[in-house]
Amino acid sequence: MRLTRPMLAPAALVAAVALTGCGGGGGGGDAVPETATGSLEHLAAEAKCTAPNMQTDADTIRQAICEKGDEKYVLATFSTDRGQREWINTAKDYGGYYLVGRKWVAVGHEDVVADLRGRLGGNLEQGVQHGGGGGSAGHGEHTGHGG
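Residue 265 is where the sequence shown starts when you use our numbering, and the numbers rise one by one after that.
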């Protein structure tokens, strides 16, 4: 009983983001490739992250920071679907933008994540927005850029 309530809210959020995110119509094109799969190194190569800075290398999660121009993003892979979803649900409390694939996630600025979707496929999700606007505070990523 208690488990279903917490599961319903994220499911509703994912559905809302999917409905609003898919019709966004950015100038980059509508073609989204089939969702990529593989190791963190394989996904990094597909994303054109030539030197992933490994932050976590454990049995359940592997996480690296990649750079795209002046922006940074987190790329993480998971050993289980459940572990991935738990990580995303917790991380979303901090805001940010998430590109979600099978047992992997990329977290970063909205533009970076949208660009990555053109290389990796996946589904766009958005974290909780705190405050009244601005958007640079409260990102769920480990970068210190503002603006």
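We put the CB at the ideal spot given by N, CA and C, even for glycine. Note that the structure is a prediction, hence the values are computed from the model and not measured.
So what's residue i in DSSP terms, helix, strand or just coil?
i	result
residue 311	coil
residue 385	coil
residue 331	strand
residue 292	Because residue 292 sits at a pLDDT of 46, beneath the cut-off of 50, its placement in the model cannot be relied upon, and the point is left open.
residue 326	strand
residue 298	coil
Do residue i and residue j have their CB atoms nearer than 8 Å?
i	j	result
residue 309	residue 330	no
residue 334	residue 367	no
residue 343	residue 324	yes
residue 341	residue 384	no
residue 316	residue 328	yes
Throw me the rounded Cβ distance for the residue i and residue j pair, which I believe falls under 8 Å.
i	j	result
residue 369	residue 358	Their Cβ separation, rounded to whole angstroms, is 13 Å, which puts residue 369 and residue 358 out of contact at 8 Å.
residue 364	residue 386	5 Å
residue 337	residue 377	7 Å
residue 391	residue 360	4 Å
Name the DSSP bridge partner or partners of residue i?
i	result
residue 321	326
residue 390	361
residue 339	328, 370
Return the first residue and the last residue of the beta strand (DSSP E) that residue i is part of.
i	result
residue 370	368 to 372
Go to residue i, then tell me how far its alpha helix (DSSP H) extends in each direction, as first and last residue.
i	result
residue 359	Taken as a continuous stretch (DSSP letters only), residue 359 belongs to no alpha helix (DSSP H), as it is neither H nor E.
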